[in-house]
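Novice:
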Amino acid sequence: MTTQPNTQLHDNVPGGPLDEKWTKHKFDLKLVNPANRRKFEILVVGTGLAGASAAATLAEMGYSVTSFCVQDSARRAHSIAAQGGINAAKNYKNDGDSVHRLFYDTIKGGDYRAREGNVHRLAEVSRQIIDQCVAQGVPFAREYGGLLDNRSFGGAQVARTFYARGQTGQQLLLGAYGALMRQVNAGRVKLHVRKEMVDLVEVDGIARGIVTRDLTNGKFERWAGHAVLLCSGGYGNVFYLSTNAKASNVTAAWRAHKRGAFFANPCYTQIHPTCIPVHGEFQSKLTLMSESLRNDGRVWVPQDDGDARAAGTIPEGERDYYLERKYPSFGNLVPRDVASRNAKQVCDAGRGVGTTGKAVYLDFRDAIKRDGRDMIQARYGNLFDMYARITGEDPYSVPMRIFPAVHYTMGGLWVDYNLESTVPGLFVLGEANFSDHGANRLGASALMQGLADGYFVVPATIASHLAGRVLQPVDTSHDAFAQAEAASRQRFQALLEVQGSRTVDSFHRELGLICWDQCGMSRNRADLEKAISSIRTLREAFWQDVRVLGDAQSLNQNLEHAGRVADFMEFGELMVNDALQREESCGGHFREEHQTDENEAKRNDEDFCHVTAWEHRDGKPSQRHDEELKFESVHLSTRSYK
Amino acid sequence: MTASATDDLTLTVHVWCQAGPDQPGDFVTSEVSVSPDTSFLEMLDCLNEQRMAGGQEAIAFDHDCREGICGACSLVIDGKPHGPEQETTTCQLHMRTFNDGDAIYVEPFRAKGFPVLRDLVVDRSAFDRIQQAGGYVSVNTGSAPDAHAVPVPKPAAEEAFDAAACIGCGACVAACPNASAMLFVAAKVSQLALLPQGAPERDARALSMVEAMDGEGFGNCTNHFECAAACPKAIPVTHIARLNREFLRSSLMPRS
Ligand SMILES: Cc1cc2nc3c(=O)[nH]c(=O)nc-3n(C[C@H](O)[C@H](O)[C@H](O)COP(=O)(O)OP(=O)(O)OC[C@H]3O[C@@H](n4cnc5c(N)ncnc54)[C@H](O)[C@@H]3O)c2cc1C
Ligand code: SF4
Ligand code: FES
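Those protein sequence lines, which keep their order, are chains W and Y.
One rule links them: number in our numbering = place in the first sequence (from 1) + 1269.
One rule links them: number in our numbering = place in the second sequence (from 1) + 131.
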């Protein structure tokens, strides 16, 4: 019997009062008898915060787990790079924080485009995450009394962010990686590094396995299981230049999409306001400067366009501290989307600084005057060093130059309350799903979500699938595996056979530029329509003229990259298409046609208070489905940071 | 590549190329012009684009975050793991450190414990296996007490942090004349020995991690301290002294 996919988009959020839903749901969920758990094989793709925490926890519970990543070590997943911190509603500062406030801030920050039930659960489990990490030996910052320190982050009005110098991601990931290593040692997790998932395998409509390609020798392998967890991260590298690690990709999610998993809200991408500007043609990635810098740095540009004087020689009266001027109550701490858009506006008006004119100043002069250089060094020393290393300039004496860059993707595979996609048995965790951040993510909440999904949500909800459905025995000799493997082989072979004249990187850069120029910080119908046709043309050119050297039977990084770019070429069109149909501005999605007289984003709750989820149709245009968002406990208001 | 700007650097780069694990390798020499603002890995990207344009395969090297935190990049540059700058990973090294006309030698990390897979890519999975032997606190998800239940004095927390900053890159091994992994192991043992959360497994951890290290074919520490000089995260050698003490302490304990 074939299990039906969830194409009607049932969110499966339980009824009852908001703050009792998760408790009630956990009670109502079926359980898998501990003695039976090891009979269930769970395939976990990805070892970032979401994947490592899920794999370790499921193994602790007794399940058999097999885990995969593309890096040479599970510890190197992109989560390692997170700097700023992780939110939790602990209210250790006694400044009025609560689960409800974290829930509310996250819903509002996401511009009312996330599901209430999911976000409330996230706020609830946030507290347990911190307990778990501390018990693992994660060295969070502490005060002199030995208790944990918190700071306010990304414009939050309470101090709820836990941090570990400028390397919170690394410390949290090492905690989760340690837990994973413990389970590998115990024989309950089988870990496979440098193996890329290249297809999802379904049997009777249920996700029952994957096909991987070994990046050291090109070998294709089949893996069968009772459930598949995709924890493969975000798709920011469709823009080529982003703050994401180079290996971050959409391949795993895209392959699952092509097998029936709906892709939700792909147009919601986050552009982070404080990154080091592009320096030149060979720039390979962008570096984030932590948002915490905006606590003390003041953002400005010269009052007049074309003012090319050195920053220090521009008198106070001829500087425009535009964020402080326009948003007196939040000032430099407005949310990311607002800060980014304003930087773009002043640069478009010709007031940008630096040789490219695509930068604004982030100035610490006044903070140094007020608190002294030592204090500023104690707070941001490592970030200042990083800036100096990359730019060759000393930010203690000249203002930093910053510009927005692609940073995070709120869109992702559609999931219900159980984090199950439209394909039964396929669960999606962390940045790879779309669930909690709506149209804009608040600082320090991605780490929280990845760990919530992996440590606490999926370990409970997976039982709905394992205990709730009849799962026939399936092994890798099933025809579905043979077909998926053959299709994957063929795809990689096809890339090698093009034998054209342009490098993979040159195509990736061009795709990135189209997306950035026409589907970046600010979007309009004409540009988006143009982008769709440019991407189609580029994709055709790619398949006719790309040159991939070497073979498919050895470590071939060029071929790896080609496979990922091929998927970005298809995904990019969907992202632009999604941006085109969403006739409103919300969060990170700014449509020029929909703005207030003061150039602020104008939401359209009447027509767009929904999630857009796309169904793939081979050879046909993608089909659009909407999941209506119902708000029972918050009142939809216009976000204002004035 | 494109017509070079006047302030571009023109360099002669000798890069180690090796087709596979058991194949012979040799230096391959190319000329490349780049802006001083590019990073070292961007210089290699540029060189690879140049090679591919001429029909030659790209040279393989490991990298990912390109901001000094994932530990993926490696490379011995002019004889030094991670190159000439202190406390700087290869990916953070910028070409302004070099002069026009320089010759640069680029090799993989070399150690018995890190076999070469191809060109500049080595297999560092031995580090994961050492971690598996005990580089964690055994606490199942959901069983933790409130995070404030156990205060940790700030000085201990800070010192533990200094050790926890290790990115697992392996430069310490590549720099050591004995290819010892002591600094890497010491960083983990030290971090957890300094924190109350790590205390219950302290003895078992030191013993089993050192045993695993020996089993992977890494050499002994004979106090050259080249490791700390090469370490991009400035992990101090004092942690090795602590590891030795921890090891001694646990060796004297009856083993269960
Ligand atoms: C520079 C930077 C700073 C950040 N700072 C913060 C911060 O301070 N606070 C915060 O909350 N968030 C921050 N974020 C966001 C946050 O780090 C990420 O959203 C989060 O870590 C994603 O975790 P993840 O587990 O979902 O995915 P990732 O950590 O990206 O892991 C993806 C995993 O999937 C594997 N994988 C991918 N594709 C495949 C495939 N095809 N086959 C097999 N395996 C595959 C990878 O190997 C990897 O193991 C930051 C992001 C960046 C870029
Ligand atoms: S101790 Fe230093 S050199 Fe050794 S692995 Fe850790 S960070 Fe790298
Ligand atoms: S590439 Fe991540 S540390 Fe160098």
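From the three backbone atoms N, C-alpha and C, an ideal C-beta is built for every residue, glycine too.
1) CB-CB under 6 Å to W/Arg-1524, same chain, minus the five flanking residues each way: which ones, in chain order?
2) Which stretch, first to last residue, makes up the alpha helix (DSSP H) that contains W/Val-1394?
3) So with CB distances below 8 Å, who are the chain Y contacts of W/Phe-1443?
4) Strictly below 7 Å CB to CB, what residues from chain W border Y/Pro-284?
5) How is the beta strand (DSSP E) around Y/Leu-325 delimited, first residue to last?
6) Which same chain residues end up closer than 6 Å to W/Glu-1901 when comparing Cβ atoms and leaving out the 5 residues on each side of it in sequence?
7) Does the beta-carbon of Y/Lys-364, which I'm using as the reference point, lie nearer than 6 Å to any heavy atom of ligand 2?
8) List the residues that DSSP assigns as beta-bridge partners of Y/Cys-297.
9) Does the distance between the C-beta of Y/Ile-298 and the nearest non-hydrogen atom of ligand 2 fall short of 6 Å?
10) Would you mind reading off the limits of the alpha helix (DSSP H) that contains Y/Asp-259?
11) Please state whether DSSP places W/Lys-1459 in a helix, a strand or coil.
12) Once the 5 residues before and after W/Lys-1293 are set aside, which same chain residues still bring their CB inside 8 Å of it?
13) For a test of the three-state rule: what should DSSP assign to Y/Met-384, helix, strand or coil?
14) Give me whichever residues DSSP pairs with W/Phe-1431 in a beta bridge.
15) Hey, could you find the ends of the beta strand (DSSP E) W/Leu-1695 is sitting in?
16) For a contact meaning CB atoms closer than 9 Å, what does W/Lys-1627 contact in chain Y?
17) W/Ala-1325: buried (16+ other C-beta within 10 angstroms of its C-beta) or exposed?
18) For W/Pro-1303 and chain Y, any beta-carbon pair shorter than 7 Å?
19) Which ranges does the beta strand (DSSP E) cover as unbroken runs of at least 3 residues, wholly within the region 1536 to 1606 of chain W, from first to last along the chain?
20) Going by DSSP in three states, Y/His-370 sits in which element: helix, strand or coil?
21) In three-state terms, what does DSSP make of W/Ser-1733?
22) Name the DSSP beta bridge partners of Y/Tyr-267, please?
23) Could you tell me whether any non-hydrogen atom of ligand 2 is closer than 6 Å to the CB of Y/Gly-199?
24) For a quick check, are the C-beta atoms of W/Asn-1454 and Y/Gln-217 less than 7 Å apart?
25) Take the Cβ of Y/Gln-328 as the centre, count every other Cβ of all protein chains shown within 10 Å, and call the residue buried at 16 or more, exposed below.
26) How should W/Arg-1860 be labelled, buried or exposed, when 16 other C-beta atoms within 10 angstroms of its C-beta is the threshold for buried?
27) Is Y/Val-144 close to chain W? Criterion is C-beta to C-beta, closer than 7 Å.
28) What is the DSSP secondary structure of W/Arg-1670, reduced to helix, strand or coil?
29) Could you list the residues in the region 1802 to 1816 of chain W with a C-beta less than 9 Å from some C-beta on chain Y, going in chain order?
30) I'd like to check one pair, Y/Ala-310 with Y/Pro-212: are the Cβ atoms closer than 7 Å?
31) Which residues share a DSSP beta bridge with W/Ser-1333?
32) If you run the structure through DSSP and keep just helix, strand and coil, what is W/Lys-1613?
33) So Y/Tyr-267 and W/Gly-1447 are supposed to be a Cβ contact under 8 Å. How far apart are they, rounded?
34) Give me the Cα-Cα distance between W/Met-1844 and W/Ser-1704, rounded to the nearest whole angstrom.
35) With Y/Cys-148 as the anchor, note down where its alpha helix (DSSP H) starts and where it stops.
36) Quick one: is the Cβ of Y/Phe-315 within less than 6 Å of any heavy atom of ligand 2?
Specialist: In terms of the structure at hand:
1) Excluding residues within five positions, the ones whose Cβ falls inside 6 Å are Asp-1468 and Leu-1469.
2) Here the alpha helix (DSSP H) through W/Val-1394 covers 1385 to 1404.
3) Here residue 1443 of chain W is Leu; the residue named in the question, Phe, does not match the sequence. Those are Ala-295, listed as they occur along chain Y.
4) The contacting residues are Gly-1415.
5) For Y/Leu-325, no beta strand (DSSP E) segment is defined; the enclosing uninterrupted segment is the alpha helix (DSSP H) at 313 to 325.
6) Hits under 6 Å: none found.
7) Relative to ligand 2, the nearest heavy atom lies less than 6 Å away from the CB of Y/Lys-364.
8) DSSP lists no partner for Y/Cys-297.
9) Checking every heavy atom of ligand 2 against the Cβ of Y/Ile-298, one is found closer than 6 Å.
10) 256 to 263 is the span of the alpha helix (DSSP H), which, as asked, contains Y/Asp-259.
11) In this structure, W/Lys-1459 counts as strand in the three-state DSSP scheme.
12) For W/Lys-1293, same chain residues with a beta-carbon under 8 Å away, outside a window of 5 residues either side, are Pro-1283 and Gly-1285 in chain order.
13) Here DSSP, grouped into helix, strand and coil, assigns Y/Met-384 to coil.
14) Bridge partners of W/Phe-1431: W/Ile-1355.
15) Secondary structure note for W/Leu-1695: its beta strand (DSSP E) is the uninterrupted segment 1695 to 1697.
16) Those do not exist, as W/Lys-1627 stays about 15 Å from chain Y at its closest Cβ, beyond 9 Å.
17) Under this definition W/Ala-1325 is a buried residue.
18) For W/Pro-1303, no Cβ of chain Y is located within less than 7 Å of the residue's own Cβ.
19) If we require 3 residues or more, the beta strand (DSSP E) runs fully inside the region 1536 to 1606 of chain W come out as 1538 to 1544 and 1567 to 1571.
20) Reduced to three states, the DSSP call for Y/His-370 is helix.
21) In the structure shown, W/Ser-1733 sits in a helix (DSSP, three-state: H, G or I).
22) Answer by DSSP bridge pairing: none, since Y/Tyr-267 is not bridged.
23) It does not: the Cβ of Y/Gly-199 is nowhere closer than 6 Å to a heavy atom of ligand 2.
24) For the 7 Å CB-CB criterion, W/Asn-1454 and Y/Gln-217 do not form a contact.
25) Label assigned to Y/Gln-328: buried.
26) Buried.
27) At a cut-off of 7 Å between beta carbons, Y/Val-144 makes no contact with chain W.
28) In this structure, DSSP gives W/Arg-1670 an extended state, which the three-state scheme calls strand.
29) The residues in question are Arg-1816.
30) Not in contact: Y/Pro-212 and Y/Ala-310 (Cβ atoms no closer than 7 Å).
31) According to DSSP, W/Ser-1333 bridges with W/Glu-1310.
32) The answer is helix: DSSP assigns W/Lys-1613 an H, G or I state.
33) With a Cβ gap of about 3 Å, Y/Tyr-267 and W/Gly-1447 count as contacting.
34) Spanning the two alpha carbons is a distance of roughly 17 Å.
35) Membership of Y/Cys-148 in any alpha helix (DSSP H) is not indicated; the residue belongs instead to the beta strand (DSSP E) covering 140 to 149.
36) Relative to ligand 2, the nearest heavy atom lies less than 6 Å away from the CB of Y/Phe-315.
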